[in-house]
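In the UniProt record's numbering, the protein residues as written are 1 to 82. For every residue, glycine included, the Cβ atom is placed at its ideal position computed from N, Cα and C. Keep in mind the model is a prediction, meaning the values are calculated, not measured. To start, the structure itself, in structure tokens.
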Amino acid sequence: MVRWHDLKCFNPYFQDIWDGKKNFDIRKNDRDYQVGEMLVLREYSIAAGYRGRAMHKKIGYILKDCPQFGLQEGYCILGLED
Numbered sequence: 001m002v003r004w005h006d007l008k009c010f011n012p013y014f015q016d017i018w019d020g021k022k023n024f025d026i027r028k029n030d031r032d033y034q035v036g037e038m039l040v041l042r043e044y045s046i047a048a049g050y051r052g053r054a055m056h057k058k059i060g061y062i063l064k065d066c067p068q069f070g071l072q073e074g075y076c077i078l079g080l081e082d
């Protein structure tokens with residue numbers, strides 16, 4: 001069974017993923033993300049809350065545990081697929 005993660009996504013990052021300009025996301029790795037899991041990215045604004053748009057993305061790649069490249073401990077870069 002595939003695990004799903006429901007996540008807030010702030011603009012301009014949400015819009016860039018929506019438009020296909022951005023195919024990755026930097027996240028705190030507090031959910032033990034795994035390749036093949038699914039994300040529900042929901043457009044969110046601090047001032048207005050959830051904006052109504054959402055999209056599904058699959059985790060195709062995970063970069064973590066590499067502080068030598070500037071990635072802070074406890075964070076990961078998720079490669080996103082449709």
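Does the beta-carbon of ASP32 have 16 or more other beta-carbons within 10 angstroms, so that it is buried, or is it exposed? exposed
Alpha-carbon to alpha-carbon, MET1 and MET26: First, the amino acid is wrong: residue 26 is Ile here, not Met. Going from the Cα of ILE26 to the Cα of MET1 covers about 25 Å.
Opening and closing residue of the beta strand (DSSP E) in which TYR75 lies: 75 to 81
Look at LYS57 and LEU39 and say whether their C-beta atoms are less than 7 Å apart. yes
By alpha-carbon positions, which one of ILE46, GLN34, ILE77 ends up nearest to PRO12? ILE46
Label CYS66 either buried or exposed according to how many other C-beta atoms from any shown protein chain fall within 10 Å of its C-beta, with 16 as the threshold for buried. exposed
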